[in-house]
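Chemist: According to the numbering used here, the residues represented by the sequence shown are -12 to 132, in order.
Glycine included, each C-beta is placed from N, C-alpha and C at the ideal position.
I'd like to ask you about the structure that follows.
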Amino acid sequence: MKNSILIIATVAFSILNINATNENKTLNTSTEVVTLTKENIAQVFDWKVETDKGIYSGTSLSLENAEKMMALSSSGEIVLGSEIKSYLVLKSEINSNRNYFWEVETETGSAKGYASSEDYAHKMIALVASGDAVVSKIIISQPQQ
């Protein structure tokens, strides 16, 4: 009998403890109203290239830039396949929902990181490579997962 009461009490306290440790998260109730017009829509290009050494992908704001990024990321490798898809997105969401991976190699070393905008990625490359000759640099944009 004592064991039954002890088991029931343990289960009850466990349930109370689980509920006590849950965080109450407030939901974001802010809304942004955007008028859907041609001026508020932009075209982005998701690109992917498969080589003998791996698969590279990213997002560019122009077809020319997508082709350039594909050529840069696959330079010196055998291209097995490539693909470019275009998407229409709101201009207000271009930078807010993307991460920009940047990588720079100089004569004295290399560095890489993430930025919230393409401009910030260029600034980081310039800051890291200041005073050194840039051997190569890459900026790849990916939609946030």
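Given a cut-off of 9 angstroms on the beta-carbon distance, is the pair K72 and W34 in contact?
Modeler: Yes; because the gap between Cβ atoms is below 9 angstroms, this pair is in contact.
Chemist: When you compare each of F32, G41, D106 to S47 by their alpha carbons, which one comes out closest?
Modeler: Looking at the Cα atoms, F32 is the closest of the given residues.
Chemist: Evaluate the contact criterion for the stretch 86 to 101 versus the stretch 54 to 70: three or more CB pairs, one atom per stretch, below 8 angstroms.
Modeler: Touching, no.
Chemist: From this set, A58, S128, S97, which residue's C-alpha is nearest L114's C-alpha?
Modeler: It is S97.
Chemist: Looking at C-alpha atoms only, which residue of K99, K25, S104 is the closest neighbour of I152?
Modeler: This structure cannot speak to residue 152, because the chain is shown only from -12 to 132.
Chemist: Along the alpha helix (DSSP H) that carries D39, what are the first and last residues, could you check?
Modeler: No alpha helix (DSSP H) contains D39, which DSSP labels as neither H nor E.
Chemist: Tell me the DSSP secondary structure of A53 in three-state form.
Modeler: Helix at A53.
Chemist: Look at the alpha carbon of E51 and the alpha carbon of T95, and state the distance between them as a whole number of angstroms.
Modeler: So the alpha carbons of these two residues sit roughly 31 angstroms apart.
Chemist: Identify every residue that forms a DSSP beta bridge with V66.
Modeler: Paired residue(s): T38.
Chemist: What are the start and end residues of the alpha helix (DSSP H) that includes A108?
Modeler: Looking at the DSSP string, the run of the alpha helix (DSSP H) that includes A108 is 105 to 115.
Chemist: Exposed or buried, which one is G45 when buried takes at least 16 other CB atoms within 10 Å?
Modeler: With 16 or more other Cβ atoms within 10 Å, it is buried.
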